[in-house]
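Student: Before I ask anything, let me first share the structure, which is written out below as structure tokens.
Protein chains: 2
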Amino acid sequence: MNQRRAFTAEAMWLDPGDGPRWMRRPWVELDEAGDITAIGRAAPEPRDDLVPLYDLGAAWVLPGLVNAHSHAFQRGVRGRTERMVPGVQSSFWGWRQAMYDEAGRLEPETLFDVTRACFHEMLRGGITCVGEFHYLHHQHDGQPYDQPNELGYAVAAAAADVGVRLTLLDAYYARSSHEQPPRAEQRRFCDASLDAYLARIDGLRTSLVSERVRVGLAPHSVRAVPKPALATIAEYAADHDLVVHAHVSEQPRENEECLAEHGGSPTSVLADAGLLDRPRRFTAVHAIHTTPADRERLASQHVCACPTTEANLGDGMVAGADLLARGATLCLGSDSNSIIDLVQEARLLEMGERLRLGRRLCLQDAYGHVAPVLVDAMTRGGASSLGWPNLGRLAVGTPFDATVVDREHLTLRDVPDDRVGDALLLAGSSAAIVHVYVAGEQLV
Amino acid sequence: MNQRRAFTAEAMWLDPGDGPRWMRRPWVELDEAGDITAIGRAAPEPRDDLVPLYDLGAAWVLPGLVNAHSHAFQRGVRGRTERMVPGVQSSFWGWRQAMYDEAGRLEPETLFDVTRACFHEMLRGGITCVGEFHYLHHQHDGQPYDQPNELGYAVAAAAADVGVRLTLLDAYYARSSHEQPPRAEQRRFCDASLDAYLARIDGLRTSLVSERVRVGLAPHSVRAVPKPALATIAEYAADHDLVVHAHVSEQPRENEECLAEHGGSPTSVLADAGLLDRPRRFTAVHAIHTTPADRERLASQHVCACPTTEANLGDGMVAGADLLARGATLCLGSDSNSIIDLVQEARLLEMGERLRLGRRLCLQDAYGHVAPVLVDAMTRGGASSLGWPNLGRLAVGTPFDATVVDREHLTLRDVPDDRVGDALLLAGSSAAIVHVYVAGEQLV
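Line by line, the protein sequences give chains R and C. Letter by letter, the first sequence follows residues 63 to 506 in the working numbering. Letter by letter, the second sequence follows residues 63 to 506 in the working numbering.
Here you go:
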């Protein structure tokens, strides 16, 4: 374990108790466990025991970034779905087939390998906590492995190997769509029954949860999960105080099918099933093709935007400003992991709004600033979504999970001190990140 | 000057005479001037005099990237326009005011400094040739400097200092809008008359053009240039065989004002003025708010997309696939230089189409591949736009301007060999670029 020590930097996004902000020349003191025990300013209180967080230049430090939505194994199809295949639609659904082919190839060892590589790339990009929306459960014919959570354990082992924190969002998947049984490629995703799924969750809750691992529930989507199962999952999650994630209105077809089956939108079905009853315990992933009424239903929940994936798949752009105005908590995900750069995801969330609305400065905080809203989405918003109320901020009593940015990176050079955060978020990328800490330990 | 030598790499985007493609294990031989004299394959013709282009790993090599639209001094406002200012619109026009404030502060020395820093950042990102759309000409009150091209020379000196090739697209700017004289902040942009402008161009043509510098004409926009002046500029450009660039339909307001003044679209006005008569000698920058008829008028010209700037300013997304289908040549620009990454610009051009059209694989070549279209836009397309027919490709008789990509960069790792280009263009960024050559000389 680490020793007690104190770090300093040119600036840190610190929360002294009344909300986070950039503090110049601060220090943070850590205990042996890597938790922050005190914070202060190096001036006018000079101290000679401070270790600079970046010894090659000036450091600007953010909390460790939180990636609220990932399918790690999809890293394996990066660059492999960008050519027309004869007979296959040039659409989301054609891409899905390529992704299913990859899913079909994986065994526990290869899943571990691709997940570890993916989480390693995340860590290098400043991500210290990831929500893995995990739906690859069983053998190719749908039979469980001897250990029914074998593949979930492989994901957790990969996270442990890399050092990132994990919320395993274990998915329930029952059907291809309304009255359509799972397709052959989808059998691996499906449990024999809802009871079998919840029994797996019981197993994960009792065996997997640790200082760096949480478990959440993930009814895949209203397409793949019948409404009675949604209600049962809502009850189980409430009974065990678990977060719930679901894909919501990523593609227009999902909405059309839902309307035909249920006479309402996906969000309305989730609400009817009770999944939106507990404030800030549900995360709607995507929530792109939503009505104002849908967005009002999500006003006390999280919405996870995944802009690089949503662009790649032609999904569309989320109404982030409207959701923010209604009170929803925004968070971000790398989703397909074609691109792993939460700074870009944050920027593109704002840029999508600018393109949709034809104006600038769409996601504003109370002072009319954009960057703090984006920092929130990639830190506290994600942490709340994944059930880690203590993460996503640097404050006394929280673990020192931190992302160190080189203030002299080409993208930030010559930017005035009071606009470094703006430049990083609105004009930068994760390429400026030089060091990453988890629980006080330098992993990058 | 350099010696004769021969380079090799794992792969290069080479043109053996019938169009560019990835060639594996190639070599290129250079003469003392840095021009390519021969190309071939290292296997089955092994030779022992080959110098690897990247000695730390496997290199994938593109032609030097061509940035067809830049306002270098705007690098100075990076990160400084991302907060609401009371009383100022949260729009393109509010941003323009901040940009004008920056323009008003610059003197020849400070313009040189910010331009040099900006071009240096471009070079680091693999850009070896830039089209600088230069409209900052005179003293603050509009009086010419003793040397009327003083600021143009400062831009050229910055390019020479960094080592990038330059097309100085010298702008003509006459008015704020129809029947509105220039505003105080715009006086620096305005020549006393069209004759005074063309006299400046005469000066640039005779004094500035060299092996690494070209000059082009840039009637700023139909907003800022009356129609008779557009026609005169078209004639001058034809007489002297110069390329012409103009901002076209970036914002809806420009179209509305043009309709009121001329009864037609900006593109139709440019066509009527004769600016579209010479094939591939005109570049419409942005061309976002265009009709199918406008895009047909541009079918034998260039369209320069600047996706990161166009998102930042809430401009919108260009109909790239439709333009490509009609025969237009696409190219890319970093424009405001808030972000300098031509790989991202290329990706976002395709992603904008996916978001606009709700499908994938929008910009396809004859084989249904996306990446080669994007490579073309950031190499040959830009070179054609800027009047450098010999740039943008690696072929016998062309200068060895090259961008060396680290194939083991995190973003490309584990991607199959035959999909490295796809991953770089659709999932990567300029962060993977490790070395840059201009005329055979390693500058990065």
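Just so you know, even glycine gets a beta-carbon here, dropped at the ideal spot from N, CA and C.
Looking at R:L436 and R:A408, is the spacing between their C-beta atoms short of 9 Å?
Tutor: Counting from one through the first sequence, the residue named residue 408 of chain R turns up at place 346. Counting from one through the first sequence, the residue named residue 436 of chain R turns up at place 374. In contact: R:A408 and R:L436 (Cβ atoms closer than 9 Å).
Student: Hey, does R:T465 have any beta-carbon neighbour from chain C nearer than 9 Å?
Tutor: The sequence position of residue 465 of chain R within the first sequence is 403, counting from 1. Answer no: the Cβ-Cβ gap between R:T465 and chain C never drops below 9 Å.
Student: Give the DSSP-derived three-state secondary structure of R:C320 in the structure shown.
Tutor: On the first sequence, residue 320 of chain R is found 258 positions in, with the first residue counted as 1. The answer is helix: DSSP assigns R:C320 an H, G or I state.
Student: Name, please, each residue of chain C whose Cβ falls closer than 8 Å to the Cβ of R:A493.
Tutor: To locate residue 493 of chain R, count along the first sequence from 1; it is residue 431. Those are S491, A493, listed as they occur along chain C.
Student: Taking CB distances under 9 Å as the criterion, tell me whether R:N129 reaches chain C.
Tutor: As a position in the first sequence, residue 129 of chain R is number 67, starting the count at 1. Chain C, which has no Cβ nearer than 9 Å to the Cβ of R:N129, makes this no.
Student: Can you list, in chain order, the residues of its chain whose CB lies under 8 Å from that of C:Y116, leaving out five sequence neighbours each side?
Tutor: The residue you call residue 116 of chain C lines up with position 54 of the second sequence. So the qualifying residues of the chain are A71, V466, D468, V496, H497.
Student: Between R:M63 and chain C, is any beta-carbon pair separated by less than 9 Å?
Tutor: As a working mapping, residue 63 of chain R is identified with position 1 in the first sequence. Interpretation of R:M63 is limited by its pLDDT of 48, a score under 50 that renders its predicted location unreliable; the figure taken from the coordinates is listed afterwards. No, its Cβ sits nowhere closer than 9 Å to a Cβ of chain C.
Student: Nearest chain C C-beta to R:F195 closer than 9 Å, yes or no?
Tutor: The residue given as residue 195 of chain R occupies position 133 in the first sequence. For R:F195, the answer is no, since every Cβ of chain C falls outside 9 Å of its Cβ.
Student: Within a Cβ cutoff of 7 Å, which residues of the same chain sit near C:D223, ignoring the five residues on either side of it in sequence?
Tutor: Translated into the one-based positions of the second sequence, residue 223 of chain C becomes position 161. Taken in chain order, the residues that qualify are R178.
Student: Count the other CB atoms within 10 Å of the CB of C:R109; is the residue buried (16 or more) or exposed (fewer)?
Tutor: Position 47 of the second sequence, counted from the start, is the residue given in the question as residue 109 of chain C. So C:R109 ends up on the exposed side.
Student: Starting from the beta carbon of C:V432, find every residue of chain R whose beta carbon is closer than 8 Å, and list them in chain order.
Tutor: Looking up residue 432 of chain C in the second sequence gives position 370. In chain order: E144, R145.
Student: Starting from C:M379 and walking both ways along the beta strand (DSSP E), at which residues does that stretch end?
Tutor: The sequence position of residue 379 of chain C within the second sequence is 317, counting from 1. That residue, C:M379, is in no beta strand (DSSP E); it is neither H nor E in DSSP.
Student: What are the partner residues of C:F462, as DSSP defines its beta bridges?
Tutor: Translated into positions along the second sequence, residue 462 of chain C becomes position 400. Answer is none; C:F462 lacks a bridge partner.
Student: Along chain R, which residues have their Cβ under 9 Å away from the Cβ of C:V477?
Tutor: Working through the second sequence from its first residue, we reach residue 477 of chain C at position 415. Neighbours of C:V477 on chain R, chain order: R140, G141, R142.
Student: At the level of alpha carbons, what is the spacing between R:L531 and C:Q201?
Tutor: Outside the modelled stretch of chain R, which goes from 63 to 506, sits residue 531 of chain R, for which no answer is possible.
Student: Between C:R67 and C:S492, what straight-line distance do the alpha-carbon atoms span, to the nearest angstrom?
Tutor: For the purposes of this step, residue 67 of chain C is identified with residue 5 of the second sequence, where counting begins at 1. For the purposes of this step, residue 492 of chain C is identified with residue 430 of the second sequence, where counting begins at 1. Each residue's alpha carbon lies about 27 Å from the other.
Student: Applying the criterion that 16 or more other CB atoms from any shown protein chain within 10 Å of the CB defines a buried residue, is R:R140 buried or exposed?
Tutor: Taking the first sequence and counting its residues from 1, the one referred to as residue 140 of chain R is at position 78. With 16 or more Cβ atoms within 10 Å of its Cβ, R:R140 is classed as buried.
Student: Let me see if you follow: with CB-CB separation under 9 Å, is C:Y429 close to chain R or not?
Tutor: The residue labelled residue 429 of chain C in the question sits at position 367 within the second sequence. Output row for C:Y429: interface = yes.
Student: Check whether the Cβ atoms of R:A299 and R:S238 sit closer than 9 Å, and answer yes or no.
Tutor: Translated into positions along the first sequence, residue 299 of chain R becomes position 237. Translated into positions along the first sequence, residue 238 of chain R becomes position 176. Their beta carbons are not under 9 Å apart, which means R:A299 does not touch R:S238 by this criterion.
Student: If you run the structure through DSSP and keep just helix, strand and coil, what is C:M184?
Tutor: Looking up residue 184 of chain C in the second sequence gives position 122. In the structure shown, C:M184 sits in a helix (DSSP, three-state: H, G or I).
Student: Is the number of C-beta pairs between the segment 403 to 420 of chain R and the segment 150 to 167 of chain R that are closer than 8 Å three or more?
Tutor: No, they do not touch.
Student: Whole angstroms are fine: how far does the CA of R:F69 sit from the CA of C:A349?
Tutor: For the purposes of this step, residue 349 of chain C is taken as the residue at position 287 of the second sequence. For the purposes of this step, residue 69 of chain R is taken as the residue at position 7 of the first sequence. C:A349 and R:F69: Cα-Cα distance of roughly 51 Å.
Student: Report the start-end ranges of each beta strand (DSSP E) in the segment 128 to 156 of chain C that is 3 residues or longer and not cut off at the edges.
Tutor: Listed in chain order, nothing qualifies, since the segment 128 to 156 of chain C has no complete beta strand (DSSP E) run of 3 or more residues.
Student: Determine which residues share a DSSP beta bridge with R:H307 and list them.
Tutor: The sequence position of residue 307 of chain R within the first sequence is 245, counting from 1. Bridge partners of R:H307: R:T345.
Student: Compute the Euclidean distance between the alpha carbons of R:A280 and R:Y235, then round it to the nearest angstrom.
Tutor: For the purposes of this step, residue 280 of chain R is taken as the residue at position 218 of the first sequence. For the purposes of this step, residue 235 of chain R is taken as the residue at position 173 of the first sequence. So the alpha carbons of these two residues sit roughly 9 Å apart.
Student: Using DSSP's beta-bridge definition, name the partner residues of C:L425.
Tutor: If you number the second sequence from 1, residue 425 of chain C lands on position 363. DSSP lists no partner for C:L425.
Student: Counting only C-beta atoms, is C:P148 closer than 9 Å to chain R at any point?
Tutor: As a first step, residue 148 of chain C must be located in the second sequence, where it is residue number 86. Closer than 9 Å: yes.
Student: For C:Y197, is the classification buried or exposed, using 16 other Cβ atoms within 10 angstroms of its Cβ as the cut-off for buried?
Tutor: Stepping through the second sequence from its first residue, residue 197 of chain C is reached at position 135. Looking at its Cβ environment, which holds 16 or more other Cβ atoms inside 10 Å, C:Y197 is buried.
Student: So, are the CB atoms of C:E144 and R:V432 less than 9 Å apart?
Tutor: Indexing the second sequence from 1 puts residue 144 of chain C at position 82. Indexing the first sequence from 1 puts residue 432 of chain R at position 370. A contact, by the Cβ cut-off of 9 Å.
Student: Using a threshold of 9 Å, state whether the C-beta atoms of R:G166 and R:R245 are closer than that.
Tutor: Here the question's residue 166 of chain R lines up with position 104 in the first sequence. Here the question's residue 245 of chain R lines up with position 183 in the first sequence. No, these two residues do not count as a Cβ contact at 9 Å.
Student: At the 9 Å Cβ level, is C:N317 part of the contact set with chain R, yes or no?
Tutor: If you number the second sequence from 1, residue 317 of chain C lands on position 255. C:N317 does not count as touching chain R.
Student: Based on the DSSP output, what are the partners of C:A397 in its beta bridges?
Tutor: Along the second sequence, one-based indexing puts residue 397 of chain C at 335. It should be pointed out that residue 397 of chain C corresponds to Asp in this sequence rather than to Ala. In the DSSP output, where bridge partners are listed per residue, C:D397 has C:S132.
Student: I'd like to check one pair, C:P125 with C:L448: are the Cβ atoms closer than 9 Å?
Tutor: As a first step, residue 448 of chain C must be located in the second sequence, where it is residue number 386. As a first step, residue 125 of chain C must be located in the second sequence, where it is residue number 63. Result no, Cβ atoms of C:L448 and C:P125 do not sit closer than 9 Å.
Student: Secondary structure at C:M63, three-state DSSP: helix, strand or coil?
Tutor: Along the second sequence, read from residue 1 onward, the residue named residue 63 of chain C stands at position 1. Confidence at C:M63 is low in this model, with a pLDDT of 48, below 50, so the placement of that residue is unreliable and no value is reported for it.
Student: Count the other CB atoms, across all protein chains shown, that sit within 10 Å of the CB of C:M63; report buried if there are 16 or more and exposed otherwise.
Tutor: Numbered from 1 along the second sequence, position 1 holds the residue referred to as residue 63 of chain C. For C:M63, the pLDDT reaches just 48, beneath the cut-off of 50, and the residue's location in the model is therefore unreliable, although a value from the coordinates is still provided. Result: exposed.
Student: For a cutoff of 9 Å on Cβ pairs, would you count C:A439 as touching chain R?
Tutor: If you number the second sequence from 1, residue 439 of chain C lands on position 377. No, C:A439 does not count as interfacial toward chain R.
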